[in-house]
Amino acid sequence: MTPLDQLLLLSALTVVVPLFTGNRRITGPLATLLYTGQGLLLLRMAGLGYGSETPVSSAVSLQVLGLELHWRFDALSWFFALITIGAGLLSSWFASGEWAQRYRDSGSSLRLFHAALALNVFTMLVLLASGELLSLFIGWELVSWASFLMMSLGSNTALRYAMRYVTYAFAGAMAVLMGLVLVYTRTGSFEFQAFRDAVPSMDADTVWLLFGLFAAGFGVKMALLPFHLWQAKAYAETPGPGAAFLGAISSRMGLFAMIVVLVQIIGVARLVELPVPFTFLSGRDLLAWVAVFTIIFPTFTALRQHDARRLLAWHGIGQGGYMLLGILIADDLGSAGGLMHVFNHATYQAVLFMSVTAVIHRTGTSDLNKLGGLVARMPLSFLAMLIGIIGLAGLPPMNGFVSKWLVYRALILEGSPLLFLGAVIGTLGTILSVYKLIHNTFLGQLRLEHVDIEEAPSSMLWPMMILSTVVFVTGYFPGLVLDWIASVQAAVGLPVLAHHLGGVHIDKGGLDMIWVVSVLLAGFGVGALVFLSGNRSKRVHQLDNYAGGHFLTADTRYQYSDNFYPGLMHLIGPWYRKSFRWLEGGFVSTVDTVSQLMQGLYRHTHPAFYLLAVVVFALSWVMGGD
Amino acid sequence: MNLSELLIELLLMPLVAFVIGLGMVLMMRKIAARLGRRIGPPLLQPIYDIIKLYGKRTQISHGLIHEIGIIMAVGGYVAAETLLPVPGMNGLADKGGVITLAYVMMIPSLGMALGVGQCANPNGSIGISRALTAMLAYDIPFILVIFGAAYVYGTTNLADIIAIQQQQGVSGWGLMQMPLLALAGMLALPAVMGKQPFEIYIAPAEIATGPMVEMSGKFMGGLFVMQCFQLYTAGVLYTTLFLGGGAYWITFLPKIYAVVAIPMAAAMLFPRYRTEDVIRLMWKWPVLVGLMGLAVAMK
Amino acid sequence: MDTIIILYTGAFGLIFIGIAGIVLSRHLVRIIFAIGLLEAGANLLLLLATWRDGASAPIIVGGRVPALMADPVPQALVLTAIVIGVGILALALSLALRVQHAWGTLDMRAIRLRLEEEIDDAAGIEPPTSADAPAPRPTAPATREGGA
Amino acid sequence: MNELVLMVALPLLTAFLLPVIDRLSSLAARWIGPLVLLLTAIIGLSAWSQTGSGAITIELGNFRPPLGIDLYVDQLALLFALAVTLGTLLLWPAEGEQRLRQSTLALLLAGSGSGLALSGDLFNIYVLYELIAVVSYGLAASRGTAAGQAATLRYLIVSAFGAALALAGIALVYQATGTLNLAQLAQLAPTQLNNGQGLAAFVLMLVGFGVKAELFPVNTWVPEVYATAPARVAGLLAGVVSKLALLIIVRLLILLFPQPEALTVMLVLGILGVLTGELAAWRARDFNRMLAFSSIGQLGIMFIAFSIPGKAGVFAGLAVALHHLVVKPALFLLAQRWGGSLEHLAGVAKGSPLAAALFILLALSLIGVPPLPGFWAKLLVMIHLLEQQSSLYALGAWIIMAGAALEANYLFRVASSFYRREAAATPPAAHRTGDLAGASLLGAALAAAVFLIVPLADRIEAMAGQAADRDHYIQTVNPEPLP
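Protein chains in written order, with our numbering: chain U, -15 to 610; chain B, 481 to 779; chain X, 551 to 698; chain S, 2 to 484.
The following block contains the structure:
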């Protein structure tokens, strides 16, 4: 029994245990404990993360239909597993205290929630451990359906969006299946190595086909354009901690699979050689542009949301674009940026979802037009969200900056101004959007009905604080994460990033976050000194405001929240055409029409007519063929 | 370079920046006054203003975040100055680079936004909404220009960029190498500095609107200090990218003052732009020119 | 050889008449008759498969084997097929009778439409409405509230 | 070995005696049917191990073919005979007033179905096929409603039409070869049937037998009959009878028609079946017709699979067919109470959680989600389709994929409506224990197959190898050469 087997076994146990402990209060803490155990088992394989160990394979292997299935962990799997288990651990912790009580009291099944969470973690670990294409596909499907289970735990609305997800996901899975069967018929094997060996001898059309199938199939999970419509709503409607988990890691499984197939096996170099007909683009450029549009469009859709969870979920889609973009650059900097962004995104996205969930827990709403001023009541949740949004926006000193910096730097080195510009537009849109989020939730006037609320319970605060610390510390010392990234790069076959604790040293302009953050903190210190050098200030009530000679009273709360950026919207508002929804709707209508036709075929016409047609056709063909 | 020298540099750089920034503020006010056929303030007026604001008896605070916001606004620029090499002092140029600088420059905006948000005055929030929109407007051409420069020089290290330009004399300046990009930068510069005619978000004419509506005393003073840094940063960055940077203070100072003064003098003549017009303008001409410049520079 | 050509023509003719009858008729009884014709054609075809001109019945009487014997297998087959065919025709006619009793029509198209409706009704599906369809007639005159 | 004849004879005999038994004791009449089926199933199972090494042939009355009639027992035939017996047992349709008549029909179905699976003679096949057809009319109309009768009538017309065509096809075969014994035909096929006439015969028989196998153009009866017949009957027709017809077609294909064109015809019709079935199901608004259309689609997949030449095709098709054989009857058992508009099913999971969970399990397997058996079957089909390196086969693969995506959509639209919070105005009644137990049994079999997939796959592969081996068939029967 290898450490990998132990890990998978414990993970499976985590699924089973909530089924037995059921709706009791102990379920949450118990699950958390089990996740901790999984984490420890993962740490036993820490050598993978630091590149000092060869891949750990599972003792289990199967032979079905003459196809061999086996599982193993390498640095890439380890890195993603670390994030998965971490997200599972903290989400489960978050979901074990008061939240659980509330959830149970509302008539929902805690048993099912924890089982679903554990199932998600388990299936992801299975996917990450896959040792050839077939087990990859099996893991892929398991993950899809596990997250479907998680998404459908919510209300009727959630069910509807989960349904949409499953349609997209299954169609994507079919594309993947088609791809891997194609590979099988070419190579006679599902092994990665066989595929890799066969790639150089494949002609361009085949590679194009495989590339298209795999990119589209895995892209569905990543919510790449134009398959992104399902994600935001489905994640937003998932019960809070579940949303934090899904938002943190679930769709990154698509990225994992893409790295395995497109980078590790087919290789980005091969994609560069694939020309897009009638253009000067290559296959890689095409996907990179898809990534950039995945950054821009969802980010600006997020800007228009007035539900905190949806806003975050839309950003989650957009951030996926940076990861893919970085990895497609495929040099040491870019791929490191893309990979690191997976980790960073998981941390700050989880923190953001948790903090929004904490707000919902206390106020009962996530409508950004019905909140405000909560910083006075929930300062620690505010702090968590602040750290989260700085990370999400990719500003120093949080970790989101480092990964984006790596991507930008790589783009400059490569000389892709338009991709760079697209990425930056995404970042700017994010800044606008996240400010709206924090402003409408925590800043401004505190509403009357929220005057008496308290800070989130400690079971929520602890995970948030831990994650916030991670966001900051890995921003301060990015080398901590870059160590893992480097071994991932080595495992995947990408150029390995030379780095140090503070970042990277390049002759032509490197980054040392230790210095940058230190100087920033020192700057804040100076700012504080300057501030304190002034006269003493006096705290006033929030209603003690300049209001043009008018008195604000306790029952009138002015809050600037709806349509937060009117100037911008005035200009770009007409650009929101809902084109993708239109596209989806058009597709559905087409299917509907064809389907109606087919029903008509069975319903309205005289059956014998077809019979005649077929017989006449067949006979004439036979006679003619003779 | 040893650590103590570096630390001294890091201390000195913001200080120098502040002094020069004060001069720039003064210059701006002089230019504005002269254009309006007034004389303008005396030499030390900016200092007096700051001292006055910090010393005021009525200092209204709307909460901790209000204060932290102002601290962030000043502190962010203090940190940013250490990333900008000036003659004799490279500071952290090799540890941050121009991208980091661009992003550190957003922190003061965020700080100010947080502070104003905490003030709980909807008019303040409106101002922030405009300010952030304006940032979205000018940052696109600005980033384009930064990309072009970094690509052409092949480095993001500002000290290296200066060195490259210095080697070839005036003909090696970015202005000569990539005139279109320089033009685009020049067009975006007034907006980056938040000055006329793009200062609608500050709303100096509408007393009851804008970020400053709840700012009194040292809060206002903090913003004033921030403005000094803002002008300085924009000027120095542009000089560094396109005008050969500074080898000696004697040539450096005129350059940065000119960079701030010339567009200002021209821009001062324009009427104030509405927010959406800022976007429209910024996304049209500077971006267009910048893209053309990029196309030329990368060919 | 002429006989066999005529017979083949007859067989194929019957098959085609049968098919045409099924396809073209709307009346149920005609369709059922057409099936009968079709089956007759198929049976004839089967018989013709091993037709030997002038052969005698394949019956061995008193150990005397006739010189030319017809193949007994198709005959047995056809016999069975005819029995089955008759049974099925009877079943069809009885079903048609019942449908006629229940719905009062033997028109295939009417039956099909009625069938569709009944299935939908039984399932509890409302009939499909179209935006272009005329508005449903009000079932009762609208009562004016508070008119008294 | 001759006790296998009992598999055919016993149910038929009981069916004819049933009215008499009923006179004597109605209790006996009620139980004798299932008991007889159980007995025949045991007979079949006991013979199972003997067929592992090679097929056996049973010459009825000890006349050697071609003079005598023989039963050909290989694993495939035995499996289907068992399937029809057990399937009838599981979906025992007798209920209500017409219990006696339905018992009789069910026994007839089991007997003639087993006979059809085992018979090695084209003539027998035709007769038994017609017998099954008549039984199925009786069962389909057994609800006694006018709609049921009208639907049966329409079914009958298509079916009789098909039977006539099949007969014409048999005539063509006989004309070319002068025999109807399958083994002998197999011997003669490469020389006598490998021509236009043979192909015409195949097409006629394909269309003729295809009526029951829900082959594309002659399956218009499917939605009507499945919607009006009792759900158990629909389950029998969709699950068992269709597979029997398919088995016949496959046997004919392997033994009689080696032409590649024959495969192409089947492939094209299969593709059309998947396309029309899945698309029509997408819009179905009631449970029964949704299942009906989906079964058309699934049968289409089987046709596509069997159209792959050689053992691979038989293997893949067999896997899909067996999977469908388990899943479809279970779904129709659930339809017993859930038939009717899909809208009425909103929120039923609360009342019947087990049924809802079963539906999800079955649906998952049907669309092919690993590690459920449906996935492996589909994977096999896909692999072998794409291995053909032909664009038509590749098209088949693409269509199957697209069909599965559609199917996932409509099945899970229904499944998720089960879990909706607000219940429908008139929720359907709870399932009867018998239905639920039957469905659970099949579901459990499906779940067990997940863990037994390796030995199962080996068995099916061996079975397919045996069935696809023409020479083996000829040698086993070893008929006397024709004079």
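Beta carbons: idealized from backbone N, C-alpha and C, even for Gly.
- Per DSSP, S417 of chain U is one residue of the alpha helix (DSSP H) stretching across P401 to F426.
- Interface with chain B (9 Å Cβ-Cβ cutoff): F106 of chain U is excluded.
- Below the 9 Å Cβ cutoff, chain S contributes A148, A152, P224, E225, A228, T229, D287, N289 and R290 as neighbours of I669 of chain X, in chain order.
- Contact annotation: G170 of chain S and A202 of chain S have beta-carbon atoms nearer than 9 Å.
- Per DSSP, the continuous alpha helix (DSSP H) segment holding E489 of chain B begins and ends at L483 to L515.
- Exposure of R422 of chain S is indicated by the presence of fewer than 16 other C-beta atoms within 10 angstroms of its C-beta.
- Annotated as distal: A190 of chain S and V315 of chain S, with beta-carbon spacing of 9 Å or more.
- In the DSSP assignment, A342 of chain U falls within the unbroken alpha helix (DSSP H) covering D316 to T347.
- Contacts with chain S (Cβ-Cβ distance below 9 Å) from the stretch 134 to 155 of chain U involve S136, S139, N140, L143, R144, A146, M147, V150, T151, A153, F154 and A155, listed in chain order.
- Out of U:G511, U:M582 and U:W566, the CA that lies nearest to the CA of V705 of chain B is found in U:G511.
- Within the stretch 513 to 540 of chain U, the residues whose Cβ lies closer than 7 Å to some Cβ of chain B are V514, F515, S517, G518, N519, R520, S521, K522, R523, V524, Q526, N529, Y530 and G532, listed in chain order.
- By the rule that beta-carbons nearer than 9 Å mark a contact, A646 of chain X touches chain S.
- From the beta-carbon of S579 of chain U, the residues of chain S found nearer than 7 Å are L280, A281, W283 and R284.
- The DSSP-derived three-state label of E279 of chain S is helix.
- Inter-residue distance for W468 of chain U and G300 of chain U is about 23 Å (C-alpha atoms, whole angstroms).
- Inside the stretch 48 to 95 of chain U, DSSP marks whole beta strand (DSSP E) runs of 3 or more residues at positions 51 to 57, from first to last along the chain.
- Spanning the alpha carbons of L376 of chain U and T540 of chain U requires a straight line of approximately 34 Å.
- For D71 of chain S, no alpha helix (DSSP H) segment is defined; the enclosing uninterrupted segment is the beta strand (DSSP E) at D71 to V74.
- Contact annotation: Y227 of chain S and A148 of chain S have beta-carbon atoms that are not nearer than 9 Å.
- Residues of chain S with a Cβ closer than 8 Å to the Cβ of P624 of chain X are, in chain order, A172 and Y175.
- Within the model, the alpha-carbon separation for F64 of chain U versus A253 of chain U is close to 24 Å.
- For I59 of chain S, the enclosing beta strand (DSSP E) covers residues I57 to E60.
- Close CB contacts of V554 of chain B within its chain, under the 6 Å cut and outside five residues either way in sequence, are with G702, V705 and M706 (chain order).
- No Cβ of chain S is located within less than 9 Å of the beta carbon of W55 of chain U.
- Residue contact with chain S for A652 of chain X: present (Cβ-Cβ distance below 9 Å to some residue of chain S).
- Annotation for A662 of chain B: G654, L655 and F722 place their beta carbon closer than 7 Å to its own, counting only its chain and skipping 5 residues before and after.
- Listed along the chain, the chain U residues whose CB falls inside 8 Å of the CB of G773 of chain B amount to none; the nearest CB is some 10 Å away.
- Between D576 of chain U and chain S, the shortest Cβ-Cβ separation is below 9 Å.
- With the rule of 3 Cβ pairs closer than 8 Å, the stretch 132 to 140 of chain S counts as touching the stretch 626 to 642 of chain X.
- Nearest Cα to A165 of chain S within the set S:M291, S:L207 and S:L154: S:L207.
- In terms of Cα proximity to L309 of chain U, the closest of U:G231, U:F404 and U:S45 is U:F404.
- Secondary structure at N519 of chain U: coil, using DSSP grouped into helix, strand and coil.
- With a threshold of 9 Å between beta carbons, R155 of chain S makes contact with chain X.
- Take the alpha-carbon of I243 of chain U and the one of S319 of chain U: they are about 10 Å apart.
- Checking the DSSP bridge columns, you'll see H577 of chain X partnered with X:D657.
- By the neighbour-count criterion, in which 16 or more other beta carbons inside 10 Å mark a residue as buried, I545 of chain B falls on the buried side.
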